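Numbering of the sequence shown is given in this note's numbering, commencing with residue 180 and proceeding in unit increments.
Here the structure is laid out as structure tokens; the discussion comes afterwards.
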Amino acid sequence: MIEMDDAIRIVLENTQIIDKTRVGLDDVLGRVLSEDVHSDIDMPPFDKALMDGYALQGADIASASQNTPVILDVIEEIPAGTVPQKRVERGQASQIMTGAPMPDGADTVIMVEDTLPHTDTQKVQVLDTTETGRNIARLGEDVRVNQVVLQANTVIRPLEVGILAAVGHIHVEVYRQPVVGIVATGSEVVEPHNKPKPGQIRNSNGYSMMAQVLRSGAQAHYLGIVEDDIQALIQTIGEGLETCDIVALSGGVSAGEYDLVQDGMRDLGVEVLFDRIRMKPGKPLTFGVKGARQVFGLPGNPVSSVVGLELLMRPAIRKMQCMTDLHLPIVRTVLSADFRQTPGRKQFVPAHSIQDKNGTWESTWVGHHGSADLFSMARANSLFVVNAEDAHVPAGTELDLILLNSW
Ligand code: AMP
Ligand code: MG
180 MIEMDDAIRI
190 VLENTQIIDK
200 TRVGLDDVLG
210 RVLSEDVHSD
220 IDMPPFDKAL
230 MDGYALQGAD
240 IASASQNTPV
250 ILDVIEEIPA
260 GTVPQKRVER
270 GQASQIMTGA
280 PMPDGADTVI
290 MVEDTLPHTD
300 TQKVQVLDTT
310 ETGRNIARLG
320 EDVRVNQVVL
330 QANTVIRPLE
340 VGILAAVGHI
350 HVEVYRQPVV
360 GIVATGSEVV
370 EPHNKPKPGQ
380 IRNSNGYSMM
390 AQVLRSGAQA
400 HYLGIVEDDI
410 QALIQTIGEG
420 LETCDIVALS
430 GGVSAGEYDL
440 VQDGMRDLGV
450 EVLFDRIRMK
460 PGKPLTFGVK
470 GARQVFGLPG
480 NPVSSVVGLE
490 LLMRPAIRKM
500 QCMTDLHLPI
510 VRTVLSADFR
520 QTPGRKQFVP
530 AHSIQDKNGT
540 WESTWVGHHG
550 SADLFSMARA
560 NSLFVVNAED
570 AHVPAGTELD
580 LILLNSW
């Protein structure tokens, strides 16, 4: 039996960086860049108007006001997407739309709200002055050509997708997302479309695990339910080792007669690196490797499976893709009520936690009836951490709190 910190260390020491691939802009969200991205253009690519109005020489309107409008000759109309043809001289203006290129000669845009039409449609009345140079975005003021706009190892959020599009980088080199094969073990386990017969239970873990895997940034590959039979387990774990980067099993890792997952792993040449963690929930968690492939045997109880995947497998999924924040965020919290446990294992307690306006977290245990109680667990947004030796933690105690904010 090993400590949780050691288990995490062993998993990460045995996690290798995955290969790279290229994806299109529609498939890039949530992935990790594996290259620096440069801009192929200046941005803005030309001096452009930031307002609908008139491009002119600022010196012409220095004295303009409601009572003494300045009248200018309108020489051209410049909609966005066109190129101005005429130079703006003193006493002249070109009508310009937001996003259109500035005409030569003009150094200022006055917004249309500060003007009035003239009876002569070739002229405009300017009713207010503005600082020379206003309402123009300058060529290259955001980004210069060849500048690095995104660095390798950046996790791509919607904003980064926009940046990739803006610089025309449409084939994006990223780390491949690991494929996680999901196996539910247990002769009592049936697929959710079945009404369980006496002695049976529905496979909830397989589906919550797939959802967690997706939220962790990997791809889920469902390998189905396998009964507690060594040959069947070897067959399915073997298939997973051939087609997936990680094989995640639920159940069959406790000390029972029919807990055969570890035997199956060993038979396939998987090196088992630990099989018991001094943690609650989830003590009988088994981890092994075969080359760069990993196998996680998660306990069958739903709460244990959920917690084990979040705390141990999620960091591996993230490290494979060179993400830098591997772990869920930890903050300090104050316990709202007394909490008692049988000492012996570090406990990760499902809790509903709220933050007050000063930023202080307060946590309330969701009151789950043991590791099978997925329904109470679903009220949790966090896990508070109770040291193995603490039998009684009084209300008001400060503890570490792991935020389950990847859900
Ligand atoms: P095991 O780890 O195989 O001893 O299973 C522990 C408990 O979790 C047993 O009560 C199982 O019935 C239950 N269990 C196992 N697999 C699943 C599953 N896929 N979905 C929900 N519960 C499960
Ligand atoms: Mg079982």
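Glycine included, each C-beta is placed from N, C-alpha and C at the ideal position.
Quick caveat, the model's predicted, so the values are computed rather than measured.
Practice task
Identify the continuous beta strand (DSSP E) that holds residue 417 and give its terminal residues.
Solution key: The continuous stretches of beta strand (DSSP E) do not include residue 417, which lies in the alpha helix (DSSP H) extending over residues 409-422.
Handout entry: Pair within 9 Å by beta-carbon distance, residue 492 and residue 477
Key = Residue 477 sits close to residue 492, with the two beta carbons spaced by under 9 Å.
Practice task
Enumerate, from N- to C-terminal direction, the unbroken beta strand (DSSP E) stretches of 3 or more residues contained entirely within the stretch 444-491.
Solution key: Runs of the beta strand (DSSP E) inside the stretch 444-491: 450-453, 465-469, 472-477.
Problem - CA-to-CA distance, residue 547 to residue 521, given in whole angstroms - result: Straight-line measurement puts the Cα of residue 547 at about 16 Å from the Cα of residue 521.
Practice task
Decide if residue 186 is buried, meaning its Cβ has at least 16 other Cβ atoms within 10 Å, or exposed.
Solution key: Buried, by the Cβ-count rule.
Practice task
Please state if the CB of residue 368 and the CB of residue 589 are separated by a distance shorter than 9 Å.
Solution key: Shown here, the chain extends from 180 to 586; a query on residue 589 therefore has no answer.
Practice task
Could you pull out every residue in the same chain whose Cβ sits closer than 8 Å to the Cβ of residue 451, ignoring the five residues on either side in sequence?
Solution key: A distance below 8 Å between beta-carbons, with the five flanking residues on each side excluded, links residue 451 to the following residues of its chain, in chain order: 441, 444, 445, 465, 466, 467.
Practice task
Can you give me the start and stop residues for the beta strand (DSSP E) that residue 330 sits inside?
Solution key: No beta strand (DSSP E) contains residue 330, which DSSP labels as neither H nor E.
Exercise for the section: Answer yes or no: does any C-beta atom of chain C fall closer than 9 Å to that of residue 337? Expected result: Checking the listed chains, one finds no chain C in this structure; it contains a single protein chain.
Handout entry: Exposed unless 16 or more other CB atoms sit within 10 angstroms - verdict on residue 245
Key = By the 10 Å Cβ count, residue 245 comes out exposed.
Problem - residue 370 beta carbon near the ligand MG (any heavy atom closer than 8 Å) - result: No, Cβ of residue 370 sits at least 8 Å from all heavy atoms of the ligand MG.
Problem - Cβ-based neighbour list, residue 588, same chain, cut-off 6 Å, excluding 5 preceding and 5 following - result: Residue 588 lies beyond the residue range present for the chain, which begins at 180 and ends at 586; the question has no answer from this structure.
Exercise for the section: Name the two residues that bound the continuous beta strand (DSSP E) containing residue 582. Expected result: Bounds of the beta strand (DSSP E) holding residue 582 are 577-582.
Exercise for the section: From the DSSP output, in three-state form, read off residue 233 for me. Expected result: Under the three-state reduction of DSSP, residue 233 is assigned to strand.
Exercise for the section: Return yes when at least one heavy atom of the ligand MG lies under 8 Å from the C-beta of residue 367, else no. Expected result: Answer for residue 367: yes, Cβ within range of the ligand MG.
Problem - Coarse secondary structure for residue 425, derived from DSSP in three states - result: Residue 425: strand per DSSP, three-state reduction.
Exercise for the section: Drop a sphere of 10 angstroms on the beta-carbon of residue 317, count the other beta-carbons inside from all chains shown, and report buried for 16 or more, exposed for fewer. Expected result: When all chains shown are included, residue 317 counts as exposed.
Handout entry: Closer than 8 Å: residue 373 CB and nearest the ligand AMP heavy atom
Key = Residue 373 Cβ: outside cutoff for every heavy atom of the ligand AMP.
Exercise for the section: List in chain order: all unbroken beta strand (DSSP E) runs of 3+ residues lying wholly within the stretch 528-565. Expected result: You should have 540-544, 561-565.
Problem - Which listed residue (243, 479, 259, 366) has its alpha carbon closest to that of residue 549 - result: Looking at the Cα atoms, 479 is the closest of the given residues.
Problem - Beta-carbon proximity check, residue 517 vs residue 572, cutoff 9 Å - result: Yes, they are a contact pair.
Handout entry: Range covered by the beta strand (DSSP E) that runs through residue 387
Key = Careful: residue 387 lies outside any beta strand (DSSP E), inside the alpha helix (DSSP H) at 384-394.
Practice task
Note down, in chain order, each residue of its chain lying with its Cβ closer than 8 Å to the Cβ of residue 252, except the 5 sequence neighbours on either side.
Solution key: Contacts found: 270, 271, 272, 301, 302.
Problem - Cβ-based burial, residue 396 [other Cβ within 10 Å; buried from 16] - result: Residue 396 should be labelled buried.
Exercise for the section: Go ahead and label residue 283 buried or exposed: buried means 16 or more other beta carbons lie within 10 angstroms of its beta carbon, across all protein chains shown. Expected result: Per the 10 Å Cβ criterion, exposed.
Practice task
Could you check the C-alpha separation between residue 553 and residue 335 for me, to the nearest Å?
Solution key: Taking the CA atoms as reference points, residue 553 sits about 32 Å from residue 335.
Handout entry: residue 433: CB within 8 Å of a non-hydrogen atom of the ligand MG
Key = Look at residue 433: its beta carbon is less than 8 Å from one of the heavy atoms in the ligand MG.
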